Amino acid sequence: MMELVAKFSHNSTLAESEPRWGNVRKNRLPRIAHADEGEPGKKSTWKYPHHWVQNGGDLDDNGVFTSGKMFLHRGGLIAAW
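Reminder that position 63 of the sequence shown reads as 78 in the numbering used here, one-by-one numbering, no gaps.
Shown next, in the form of structure tokens:
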């Protein structure tokens with residue numbers, strides 16, 4: 016199975032404001048938003064999410080954001096640690 020590559024890139028950029036970590040839709044985060052990216056196309060292996068997607072909209076066949084802007088999340092970083 017070929018993995019679709021979205022325009023997201025792993026980064027350390029913080030937004031001026033961010034949602035509470037509990038409100039982040041972690042099941043929709045792209046693979047690159049996880050510290051342990053696991054296997055492509057197998058979401059159950061993706062571990063330690065620590066980013067969030069602002070204005071996430073379009074979804075792929077697995078329900079993962081393919082549009083929006085990805086930021087590092089302060090609470091997500093603490094949770095992943």
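Cβ coordinates follow ideal geometry from the N, Cα and C atoms, glycine included. This one's a predicted model, so the numbers in the text were calculated from it and none came from an experiment.
What does the alpha-carbon distance come out to for the pair residue i and residue j?
| i | j | result |
| --- | --- | --- |
| Pro55 | Leu29 | 26 Å |
| Ala95 | Gly53 | 15 Å |
| Asn70 | Ser82 | 8 Å |
| Lys22 | Ile93 | 25 Å |
| Asn10 | Lys41 | The displayed coordinates of the chain run from 16 to 96. Any statement about residue 10 would go beyond what the structure contains. |
| Gly91 | His65 | 4 Å |
Please classify residue i as buried or exposed, where buried requires at least 16 neighbouring CB atoms within 10 angstroms.
| i | result |
| --- | --- |
| Glu31 | exposed |
| Arg43 | buried |
| Pro34 | exposed |
Is residue i near residue j, with beta carbons less than 8 Å apart?
| i | j | result |
| --- | --- | --- |
| Lys62 | Ala50 | yes |
Please go through the same chain and pick out, in chain order, the residues whose beta-carbon is closer than 7 Å to the beta-carbon of residue i, but skip the five residues on each side of it.
| i | result |
| --- | --- |
| Trp36 | His88, Gly90, Gly91, Ala94 |
Among the residues of its own chain, which have a CB less than 6 Å from the CB of residue i, if the five just before and after it don't count?
| i | result |
| --- | --- |
| Val68 | Phe80, Gly83, Met85 |
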